[in-house]
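Some notes on the structure that comes next.
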Amino acid sequence: MLTSLLKLKTTTQDFVISVQLVKQVDGGMFKAEKLSGEGKCVVVFVTDKPTTPSLSYNEYPFVGNKANFTCISKVQRWPSDNSENLSSKYYWNRESRQPNTILRRSDKGTSVTCQVTDDRGQESPSSNIIILDPYYGPGNVHIHHNYKQFTVTEGQTFGPVNCSADCYPECNYEWRHLGRVQSYSPVLHISTIDRKQTGVYGCYVMHPNNTDKSIALNITVSVRYSPVFRQLTFNTGHKKDNMRSIIEGESLKLVMYIESFPVSMINLHSPDNLVHPLVCTIDQQVHSYTTHIEGLKCEEPGNYTIEANNGIGEATRSSFDLDIQCKPKSIMFQRSRVAIRLNSIEEITLFVVSNPKPNVTWIQNSPYPWTISGVGVNHKYFLQSTIKISKYPLNQQLGLSICNRIGCKIEHIKTVPKGKPDGVKNITIVNIAPYLAQISWYSGFDGGAPQNFSINLESTTDGSRTITVPSVERDERDLVLIMISGLSTDAYYNGHIVSCNKYGKTEVEFEFETQEANNGLSKRETIIYPLMICGIIGHIIVVFVIIFKYKEKYIDSKLQILQTGNTVTTNTLVMYDNASHTPSTNNKQSKLGQHASMNGTESKVVDKEWLKNDDKGMAYSNDETSADSNKSCSNSGDYYDNETDDTHENDTTQIYRSENCVKGDNFYEEMKRSNIAGESDYDALKK
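What follows is the structure, given as structure tokens:
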């Protein structure tokens, strides 16, 4: 500070001090005093324009943010009075603008300056120039694909999937999965994808100068893979050895843990190689498939296999052994009735399904024991015993109890006097070709003696003929099939199938019409027709006798015993029956009218429906004495009178039939008869 003391003499009270060309050093306090020592002081402030401002950023500007600049200048005043009353102005390309202006991308390249003014109105020079180059982004983040969800098969290549964004300067990219970085580039590419890489992938875009400025877009990747069995659990605690055990009628609950995408279709393969689709409740979070299997039968034990398949790769399987227990059921007698004579001993044979093994007792306290033996697999048993009736009547119902620890079943065996056989059942005629017909039927109860069959066929065109079916040992319900050639075309036939044994015969009537001959031969007829020519030339009718004897050990059905295998014995016999007539197409004689329905398929059959064993219905066969019933038939089908003195009583018998036998699906294995033809019961009654 410069202090100057000027002593001036004056005659007046006031005085003036003048300083020319004031400099910074001229600022300070000046004092004027009299000679007497009295005086006054004055402070002189020397001022100048504010200093040139310095323009800077508080932080680097981003588009969308306010322009946050700092303009720094100082007041020039001496001595200093600590006054900082400066105001600032900002100029964008020399145009004044408010300091809180929001930055835009279009502001790039703008020149920004500032200028300050002090409290005395003095303006500073213009500041330094800042050229705007604001940052921006990330914006317009985009994944270059039409879908946001991807499905790929395990082992395949996934990608590339590109991610882009608008950034200045260039943004940083990261692809993340389950919190882990998979790629530090805008491109996601997985050369060999596996099931563990299923899930959400995020493309994270970050500004390099401000990581708080980031945006993420997600995609979902689903990896398809073949099913894998992890665990199989049951609801039943019954366990015997390594086998699960339930009681027939119970529901078997299975919970299967199967990793699979997409979800699998579940099939159950039973021991008989049948495939049963299962309806499951699926929990994809824990990969569980829950199902309830109903209707399991004790004929179906063994190894079951669960198969899961979703169409990706190979199916997966898991097996378990299952034992199904049941009380005795599906009881089938070898014959619907037992033909017996007084004081004779007759064998009884029946089959039963039971698990565990059954025991059998006579309700009438018979002294004859039962022999029980298994007949293969699937809990099927073969039961044999004998009976003897020592007093009349011979028509009786003998009760027996078949039990195991699950329960019991009461059955009755019907005994009848030996007599003539029942008529055949379920006659079917198929006109295979105009000259050829197929006749089939099921043999009935034999009456207690071997029976033979013959066919009496009549036609106004061909006259009458008798066709003898060769003697072959048959059981009740066996199928017999006959092929008859040499028929006239477009002709009506009436016939009888005769069943006969030593005690008599029974006839069942049938009728059918043959087809009209076509001008041309079908493919089938071109094979059959040469055989017809040979028959005409040699005046021979060729009878093809094909006897299908279905030998079965048990019946394979939900209602009857499941057959373990198809055992079919086919006996083919070619016989020649001399005849003087040849096929004719000139005559037409039909008695069927509206009742006939041939069309090359089936005729009207004069027969009653085979009765069903499951319905436990009662049928009665009246073996009344007649001229025919007092005759025996020879093996050739001819009859001779050798028991004309026998007297037959009315024999009302009860028959149990099996539905499966009606359909011819399954039959029991043929049991050889041990009956020896002897004196008739009617002879015994007479004596």
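According to the numbering used here, the sequence shown holds residues -11 to 675 in order.
For glycine and all other residues, C-beta sits at the position ideal for the given N, C-alpha and C.
What you are looking at is a predicted structure, and each value in this text was computed from that prediction instead of being measured.
Apart from the five residues on each side of it in sequence, which residues of its chain come closer than 8 Å, Cβ to Cβ, to residue i?
i	result
F57	L43, S44, Y45, N46, Y78, P87, V100, C102 and I118
S84	K77 and Y78
Can you tell me whether residue i is buried or exposed, with buried defined as 16 or more other CB within 10 angstroms of its CB?
i	result
M471	buried
L445	buried
S76	buried
P157	exposed
Y491	buried
D6	It should be noted that the sequence gives Ser, not Asp, for residue 6. Classification for S6: exposed.
Q503	buried
C29	exposed
G15	buried
M17	exposed
T180	exposed
E137	A small correction: the amino acid at residue 137 is Gln; Glu does not occupy that position in the sequence shown. Q137 is exposed by the Cβ-count criterion.
L284	buried
C396	exposed
N116	exposed
N489	buried
L262	exposed
G435	buried
Y97	Note on identity: in this sequence residue 97 is Gly, with Tyr being the wrong assignment. Exposed is the call here.
Report back the beta-carbon spacing between residue i and residue j to the nearest angstrom; my notes put them in contact at under 8 Å.
i	j	result
I246	L240	So it is not a contact: roughly 18 Å between Cβ atoms.
E162	Y192	4 Å
V209	Q185	7 Å
Reducing DSSP to helix, strand and coil, say where residue i ends up.
i	result
D309	strand
R183	helix
T570	Confidence in T570 is poor, its pLDDT being 30 and thus under 50, which makes the residue's placement too unreliable to answer from.
V460	coil
R232	strand
R164	strand
R82	coil
V51	coil
Q272	coil
V267	coil
V404	strand
D95	helix
V412	coil
V363	coil
Q8	coil
V251	coil
K600	With a pLDDT of 34 at K600, under the threshold of 50, the modelled position of this residue cannot be trusted; read the value that follows with caution. K600: coil per DSSP, three-state reduction.
D36	strand
V31	strand
V13	helix
G625	In this predicted model, G625 has a pLDDT of only 38, less than 50, meaning its place in the structure is not dependable; the value taken from the coordinates is given anyway. Correct three-state label for G625: coil.
R329	coil
K539	Confidence at K539 is low in this model, with a pLDDT of 36, below 50, so its placement is unreliable and the value that follows should be read with caution. It is coil, neither helix nor strand.
Y430	strand
P259	coil
G395	coil
Can you list, in chain order, the residues of its chain whose CB lies under 7 Å from that of residue i, leaving out five sequence neighbours each side?
i	result
S442	T454, I455, T456, V457, V486 and G625
What are the boundary residues of the beta strand (DSSP E) that includes residue i?
i	result
D478	Per DSSP, D478 belongs to no beta strand (DSSP E) and is neither H nor E.
R218	N198 to F222
H177	V175 to I178
C391	Q384 to C391
K22	First-last for K22: undefined, no H or E at that position.
Y124	Y124 to I131
G283	G283 -> no beta strand (DSSP E), and no H or E assigned at all.
N297	G290 to N297
P148	F146 to Y156
K493	G492 to E501
T374	K368 to K376
E446	N440 to S447
R65	Q64 to W66
N347	N347 to W350
S42	S42 to Y45
If I measure Cβ to Cβ from residue i and keep anything under 6 Å in the same chain, skipping five residues before and after, which residues do I get?
i	result
S306	F217, L220 and I294
W350	L388
Q8	none
V175	P148 and N150
L242	T279
So, does the CB of residue i fall closer than 9 Å to a CB anywhere in chain B?
i	result
K368	The structure shown contains no chain B; it is built from a single protein chain.
Indicate, with yes or no, if the ligand PLP has a heavy atom lying under 8 Å from the CB of residue i.
i	result
P174	In the structure shown, the ligand PLP is absent, as is every other ligand, since no ligand is present at all.
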